[in-house]
Amino acid sequence: MEDKTQRVKELIKELNQASDKYYNSDETVMTDKEWDDKFDKLKQLEQDTGIILSNSPTQKVGYEVKSKLDKVVHNIPLKSLGKTKSIGDLNKFIGSNEVIIMDKGDGLTCELIYENGQLLQGSTRGNGEIGEDITHNVKTFKNIPLQIDFKGYLKLSGESVILDEDFELINSKLDDEDKYSNSRNLVAGSVRQLDSNICDKRNVKFYAFSLLECEGVDFITKEEQLEFLSRLGFETIEYIKYNNSEDLEQVISKMQKSAYEKGFPIDGLVFAYNNIEYANLLGDTLHHPLHSIAYKFYDEEYETQYITTEWQVSRTGMINPVARFKPVEIEGSVVERATLHNLDYFEDLKLGQGDTIKVIKANQVIPKVMSNDTMSNTEIIPTECPVCGGKTEEKLLKTARVLICNNPECSAKHISRITHYCSRNAMNIDGLSEKTIEKFVNLGYLKDIDDIYKLEQYKEEIINIDGLGTKSYNNMIEAIEKSKYCKLENFIFALGVPNVGLGTAKLLVKQFKSIDKIMNCNLTEIYGIEGIGDVVGSEIYNYFIINTD
Numbered sequence: 001m002e003d004k005t006q007r008v009k010e011l012i013k014e015l016n017q018a019s020d021k022y023y024n025s026d027e028t029v030m031t032d033k034e035w036d037d038k039f040d041k042l043k044q045l046e047q048d049t050g051i052i053l054s055n056s057p058t059q060k061v062g063y064e065v066k067s068k069l070d071k072v073v074h075n076i077p078l079k080s081l082g083k084t085k086s087i088g089d090l091n092k093f094i095g096s097n098e099v100i101i102m103d104k105g106d107g108l109t110c111e112l113i114y115e116n117g118q119l120l121q122g123s124t125r126g127n128g129e130i131g132e133d134i135t136h137n138v139k140t141f142k143n144i145p146l147q148i149d150f151k152g153y154l155k156l157s158g159e160s161v162i163l164d165e166d167f168e169l170i171n172s173k174l175d176d177e178d179k180y181s182n183s184r185n186l187v188a189g190s191v192r193q194l195d196s197n198i199c200d201k202r203n204v205k206f207y208a209f210s211l212l213e214c215e216g217v218d219f220i221t222k223e224e225q226l227e228f229l230s231r232l233g234f235e236t237i238e239y240i241k242y243n244n245s246e247d248l249e250q251v252i253s254k255m256q257k258s259a260y261e262k263g264f265p266i267d268g269l270v271f272a273y274n275n276i277e278y279a280n281l282l283g284d285t286l287h288h289p290l291h292s293i294a295y296k297f298y299d300e301e302y303e304t305q306y307i308t309t310e311w312q313v314s315r316t317g318m319i320n321p322v323a324r325f326k327p328v329e330i331e332g333s334v335v336e337r338a339t340l341h342n343l344d345y346f347e348d349l350k351l352g353q354g355d356t357i358k359v360i361k362a363n364q365v366i367p368k369v370m371s372n373d374t375m376s377n378t379e380i381i382p383t384e385c386p387v388c389g390g391k392t393e394e395k396l397l398k399t400a401r402v403l404i405c406n407n408p409e410c411s412a413k414h415i416s417r418i419t420h421y422c423s424r425n426a427m428n429i430d431g432l433s434e435k436t437i438e439k440f441v442n443l444g445y446l447k448d449i450d451d452i453y454k455l456e457q458y459k460e461e462i463i464n465i466d467g468l469g470t471k472s473y474n475n476m477i478e479a480i481e482k483s484k485y486c487k488l489e490n491f492i493f494a495l496g497v498p499n500v501g502l503g504t505a506k507l508l509v510k511q512f513k514s515i516d517k518i519m520n521c522n523l524t525e526i527y528g529i530e531g532i533g534d535v536v537g538s539e540i541y542n543y544f545i546i547n548t549d
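Numbered by the UniProt record's numbering, the letters in the sequence shown go through residues 1 to 549 in order.
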């Protein structure tokens, strides 16, 4: 059966290539009789196998134009996968289990449904629960079977992609402003066309990776499912079986290297438990299934347009550059700002309004500007603090240049310092948000931390501020009173000692037990605490030497 299916694919390729040469290059590569013989042979094999592929010359596709794409509800949600870039996470996921490692195509996930051997419906993944009906376009995909040798209800999912060579060819025919930045965008636009003729010209291909439902057939392993789909005429995503017999890092390196030779974008690998019963027992979280995990080769870059740099003053007086750009969706959330870290990083990007920049979420969490395609280099480092107007100064911090505001009365420093003090992991003072603190600083009610405990003298003024009132005032005063009885480690953290987080504060409290002993300790005592290095130890010592009050 597999030999016959393979022969079907070979004949389709030979006949389509011959037709292309004949009609588009005026070149004859086989006689009419040879073509007819192969065509008849293909029809016979399609009848024998029950498999008819969408690009078979025996099928004349009738194009269809839709007025809109109907919504499709996925009764089995097509959830996105949990992701990692850590080999350690993968080893933990695998444990002693056998897994299937598959290429992770960088295209658009689609779902196909067959019944009585015929293609019934094709749809996009959408948000995982609701997608769009693209059946009219799926019928033009170049490698899916329109008919299969299975009469029961069958549902599968896979990745629709456009080959690199087709992407380059399509882009070469477009004006610069209309070119697609990547093939994922092109395939997404292609499969959602209302006119299937347009999709047909884009040469979309489909690679199956998951069998979701198969009426009346039980499988023990995922490998059996993929082999079953292959016998039905589907091209499956490339995969291997892995059971800790080789070094995982070497296996990944080998698969990553071969991924670049596949001819379509692959941005990682998917690890899935081979044993179906075990995989199903694990269930799902709200966001992703627990039977699989994706390993990303690299953080995916997203293109957007740079707007400006905002210079934000921290509680220590450091003025940090933050890039603002046109909103772009990355890893399921909309991002429009990213830190530029320091002056060296800022200058290297050579930013200017309207520049085309590439943004990532480092480790799927932290937004970061990776590169600037335009480099108009019109942004400059400010010589005055954006808040108080005081003169700025460049300093070397470790190995990077940073910008400092030296004005001790800068309101931004006061706001940042007091906001940190009131935060949840510090004194946890509800009612004193950053916006409220900013109002109080600007009105002169707050200048330093100890002023928090004197706010009652401004009761009448505060309850008359828009957005506050008597209830908000009472809740705020109650939270301030409650903060007087906080844990010592929260108070130490609230002080804002440079480089001292809550964990380091706990180490200090464990060692010295009281604030008096912490304030009067010497460097040798601090250096002796396991978990506190020399640099942080010096910061702690110097802070309490300066702030003896």
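All C-beta atoms in this analysis are idealised placements derived from N, C-alpha and C, irrespective of residue type, glycine included.
Worksheet item: Got a sec? Which residues, its chain only, sit under 7 Å from I532 by beta carbon, not counting five neighbours each side?
Response: T504, L507 and I526
Worksheet item: Under a Cβ-count criterion, where at least 16 other Cβ atoms within 10 Å of its own Cβ denotes burial, should L226 be classed as buried or exposed?
Response: buried
Worksheet item: D37 to E301, Cα distance in whole Å?
Response: 50 Å
Item to complete: Kindly identify the DSSP beta-bridge partner or partners of Q121.
Response: I113
Fill in: C486 (DSSP reduced to helix, strand or coil)
coil
Worksheet item: Can you tell which of S190, D149, D176 and F150 has the C-alpha that lies nearest to the C-alpha of D166?
Response: S190
Item to complete: Taking only the alpha-carbon atoms, compute the straight-line gap between F150 and K361 and give it to the nearest angstrom.
Response: 43 Å
Worksheet item: Can you tell which of E111, K104 and S86 has its C-alpha closest to the C-alpha of N75?
Response: E111
Practice prompt. Look at the alpha carbon of E442 and the alpha carbon of S411, and state the distance between them as a whole number of angstroms.
Written response: Note on identity: in this sequence residue 442 is Asn, with Glu being the wrong assignment. Their backbone Cα atoms lie some 8 Å apart in a straight line.
Discussion item. Quick check on the burial criterion: 16 or more other C-beta atoms within 10 angstroms. Buried or exposed for D26?
Written reply: Since pLDDT at D26 reaches only 48, below the 50 mark, its modelled position is unreliable, and no value is offered.
Worksheet entry | Where the alpha helix (DSSP H) containing F440 begins and where it ends | E434 to L443
Worksheet item: Between the segment 91-111 and the segment 1-20, do three or more beta carbon pairs fall short of 8 Å?
Response: no
Worksheet entry | Cut-off 8 Å between Cβ atoms - residues of its own chain near D534, not counting five sequence neighbours on either side | Y527
Worksheet item: So the beta strand (DSSP E) F512 belongs to, where does it begin and stop?
Response: Note, F512: premise wrong, no beta strand (DSSP E); alpha helix (DSSP H) at L502 to F512.
Item to complete: Pull up the distance between the alpha-carbon of R202 and that of S245, whole angstroms please.
Response: 41 Å
Worksheet entry | Own chain partners of V387 with C-beta closer than 7 Å, once the 5 adjacent residues on each side are dropped | V313, C410, S411 and A412
Worksheet entry | Given 8 Å, three or more beta-carbon pairs between the segment 92-105 and the segment 261-277 | yes
Practice prompt. May I have the straight-line CA-CA distance separating A18 from A323, to the nearest angstrom?
Written response: 54 Å
Worksheet item: Mapping DSSP to helix, strand and coil, what is Q305?
Response: strand
Practice prompt. Excluding the 5 residues preceding and the 5 following L446 in the sequence, name in chain order all residues of the same chain whose CB lies nearer than 8 Å to its CB.
Written response: H414, I418, I437, F440, I452 and L455
Practice prompt. In angstroms with no decimal places, state the Cα-to-Cα distance between D355 and E347.
Written response: 14 Å
Fill in: Backbone secondary structure at K395 - three-state DSSP
strand
Item to complete: Can you grab the Cα-Cα spacing for the pair K471 / K484, in whole Å?
Response: 21 Å
Discussion item. Less than 7 Å between the C-beta atoms of M519 and F491, yes or no?
Written reply: no
Worksheet item: Rounded to whole angstroms, how far is the Cβ of V509 from the Cβ of E539, which I believe are closer than 8 Å?
Response: Not confirmed; about 17 Å, so no contact.
Worksheet entry | Which residues DSSP lists as bridging P321, in chain order | W311
Discussion item. Between which residues of its own chain and P265 is the CB-CB distance below 6 Å, once the five residues before and five after are set aside?
Written reply: D106 and S183
Worksheet item: Taking just the CA atoms, how far does K173 sit from L53?
Response: 28 Å
Worksheet entry | Simplified DSSP assignment, three categories, for M255 | helix
Discussion item. Suppose you measure from the CA of G390 to the CA of V402; what does that come to, to the nearest Å?
Written reply: 16 Å
Worksheet item: Considering only residues of the same chain and omitting the five flanking positions on each side of E384, which have a CB-CB separation below 8 Å?
Response: G390, K391 and T392
Worksheet item: So, are the CB atoms of P321 and L351 less than 7 Å apart?
Response: no
Worksheet item: Shortest alpha-carbon distance to I307 belongs to which of L290, K326 and S181?
Response: K326
Item to complete: Could you work out which residue in I380, D40, S423 and M318 is closest to I396 when comparing CA atoms only?
Response: In the sequence under discussion, the amino acid at residue 396 is Leu, which differs from the Ile named in the question. Nearest option by C-alpha distance: M318.
Practice prompt. Apply the 10 Å Cβ neighbour rule to L120 and answer buried if 16 or more other Cβ atoms are within range, or exposed otherwise.
Written response: exposed
Practice prompt. In the DSSP assignment, find the alpha helix (DSSP H) that holds G88 and state where it starts and stops.
Written response: I87 to I94
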